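Below: the structure, in structure tokens.
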Amino acid sequence: MLAYRAEIYLWVLAMVLPFIMMAVWSTAAQGGGLSKDPVGYARYFLAVFIVRNFSVVWMIYDFEWHVVEGRLSIHLLRPASPLWHYVTAHIAEQMARAPFFAVIVILFFCIFPQAIWVPTPFAIVGGVVCIYFAFALRFVLQWCFAMLSFWYERAASIEQLQMLPYYFLGGFVAPLSDFPEPVRKFAELTPFPYVVNFPARILIGEITLQSPEFHRGLLIMAAWFAGLFVLASILWRRGLKHYSGQGA
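In this text, residue positions in the sequence shown follow our numbering: the first is 28, and each later residue adds one.
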């Protein structure tokens, strides 16, 4: 993955972007007229940071390399689907990164103690479940793009086209509550708010078990996941025929 400098720059940007936007929106909120106060924005973007780092997906870079170099053949000889190789690699990385991000969260609360909040049991359980649902949704979305590696050597470059709507419609740049209503309504029909904004709002208690948004959000996530999974499965079967035909 280190061979892709542009992607590494984007990864670093994604790491610090929540804190940059936290500073921007917390300052802007001091004048009032926004959906949250400065503390509310601090909590939201900290939650975005947490969600992002436990739902980040990078399998397309490994998969692209395996296809181009012919290394996918090794995984195809194993009894388990190659898909599980990439899933377990992501989970292992998440566990390895967890202590580092825990330190960042603790430092954040030491610097901004006014942003400390006590999450409800639902916020903890629902937040964790939705974070991993968001991870699954992002994974299957990137899996669809990764399948293009069977036909194009730089499928990762094509996948980067969805990063702009991911940042803006996902709630990375601003909470969806600050978007104009038509934009927000459109965003809610895409998968992007449900991989960042939705789990983040559950963590900070803006969405509860009784909220209609919670049930609607889960249904939309499930619909997108099912549709993308079917698409990825079709591309996988067709791609394998193409891959075998090349003798890679």
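Built from N, CA and C at the ideal position, the CB exists for glycine as well. All values reported here derive from a predicted model rather than from experimental measurement.
As the crow flies, the alpha-carbon of Leu104 is around 27 Å from that of Leu164. Non-local beta-carbon contacts of Tyr71 in its own chain, meaning distances under 7 Å to residues more than five positions away in sequence, involve Lys63, Pro202, Ala227 and Ile231 in chain order. Going by DSSP, Leu191 is part of the alpha helix (DSSP H) stretching over Met190 to Leu196. Sequence-distant partners of Ala69 (beyond 5 residues in either direction) whose C-beta falls short of 7 Å from its own C-beta, in its chain, are Met49, Ser53, Phe139 and Ala142.
In the DSSP assignment, Thr115 falls within the unbroken alpha helix (DSSP H) covering Pro109 to Ile138.
The continuous alpha helix (DSSP H) containing Gly67 extends over residues Pro65 to Ser82. Taking each of Leu61, Gly59 and Phe172 in turn and checking the Cα distance to Glu91, the smallest one comes out for Phe172.
Only residues of its own chain outside the window of five on either side were considered, and among them Ile87, Tyr88 and Glu91 have a CB closer than 6 Å to the CB of Ala183, listed in chain order.
By the neighbour-count criterion, in which 16 or more other beta carbons inside 10 Å mark a residue as buried, Ala129 falls on the exposed side. Restricting attention to Leu262, Gln57, Phe81 and His102, the CA atom closest to the CA of Gly154 is found in Phe81.
By the C-beta density criterion, Tyr179 is exposed, having fewer than 16 other C-beta atoms within 10 angstroms.
Where Gln169 is concerned, the enclosing alpha helix (DSSP H) starts and stops at Pro148 to Ala173. Under the rule that a run must span 4 or more residues, the alpha helix (DSSP H) segments found entirely inside the region 199-252 read 208-214 and 224-230. The Cβ-Cβ distance between Phe199 and Val223 falls below 8 Å.
Restricting attention to Ala107, Cys137, Pro126 and Ala214, the CA atom closest to the CA of Ile77 is found in Pro126. Shown here, Ile261 sits in a helix according to DSSP, grouped into three states. Going by beta carbons, Tyr221 and Ala123 fall outside the 8 Å limit.
Rounded to whole angstroms, the separation of the alpha carbons of Glu233 and Leu246 is 18 Å. Under the DSSP assignment, Ser176 falls outside any alpha helix (DSSP H); it carries neither an H nor an E label. Under the three-state reduction of DSSP, Trp52 is assigned to helix. Per the coordinates, the alpha-carbon of Pro192 lies some 22 Å from the alpha-carbon of Phe241. About 4 Å separates the beta carbon of Pro109 from that of His102, a gap short enough to meet the 8 Å contact definition.
Leu188 counts as exposed, since fewer than 16 other C-beta atoms from the protein chains shown sit within 10 angstroms of its C-beta. Here Phe206 is buried: its Cβ has 16 or more other Cβ atoms, across all protein chains shown, within 10 Å.
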